[in-house]
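Encoded as structure tokens, the structure appears first; notes follow it.
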Amino acid sequence: MSKVEDFLTSEEEAAIVEAIRIAEKNTSGEIRVHLEPSSISAEEPNEHIDAFDRAAEVFDMLNMDNTAERNGVLIYVAVNDRTLVIMGDKGINDIVGQNFWESTKDIIINHFKNGDMKQGLVEGILKAGEQLKKHFPHQKDDKNELPDDISVG
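Going by the working numbering, the sequence shown runs without a break in its numbering and finishes at 384.
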């Protein structure tokens, strides 16, 4: 698949948004998925940059660091570049460490290799949600701090 629009069907997008809602139901953490064609710098639109650096730009752009407990998680996919980055905010990263994100990334990539983009994202989201639930359980006064929809760049 070479275009972001072709990466997921509308039904698959709905399933991913539902997975985000399920994952967030048990935690104060926030999960976002962002899709874009390539890792292109926001400051230099003609320049490819490292996917991690681009994910950090997107993390800021989506206000992922504006959660009360700093427990936002971004799943960033550059479709044409075939790259994936999972980035957690300071609150969650201080607890789970890099190994957790690598194991979550492996789950997603294994499904991607089999052409099942939706299932990879759904399982990655649910795994991230389990970890968030463990460290940031849902409280009565929790509110949804960030949108659940898939952002596209």
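The beta-carbon is built from N, C-alpha and C at its ideal position, and this holds for glycine as well.
Whether residue i touches residue j by CB criterion (8 angstroms)
i	j	result
residue 317	residue 335	yes
residue 247	residue 356	yes
residue 384	residue 289	yes
residue 309	residue 255	no
residue 298	residue 333	no
residue 239	residue 265	no
Paired residues, beta bridge with residue i - DSSP
i	result
residue 316	307
residue 263	305
residue 383	266
residue 342	Residue 342 pairs with nothing; no bridge assigned.
Simplified DSSP assignment, three categories, for residue i
i	result
residue 293	coil
residue 269	coil
residue 258	strand
residue 233	Residue placement at residue 233 is poorly supported in this model, since its pLDDT is 46, which falls under 50; the coordinates still yield a value, given next. The answer is coil: DSSP assigns residue 233 none of H, G, I, E or B.
residue 369	coil
Cα-Cα separation between residue i and residue j, rounded to whole angstroms
i	j	result
residue 243	residue 353	9 angstroms
residue 259	residue 377	11 angstroms
residue 313	residue 326	28 angstroms
residue 302	residue 342	25 angstroms
residue 331	residue 358	10 angstroms
residue 315	residue 365	24 angstroms
residue 233	residue 370	A caution first: residue 233 carries a pLDDT of 46, below 50, which makes its placement in the model unreliable, though a value can still be read off. Looking at the two C-alpha atoms, the distance is approximately 41 angstroms.
residue 347	residue 277	30 angstroms
residue 257	residue 250	12 angstroms
residue 203	residue 307	For the chain, the structure presents residues 232 to 384; residue 203 sits outside this window and is missing.
residue 275	residue 286	15 angstroms
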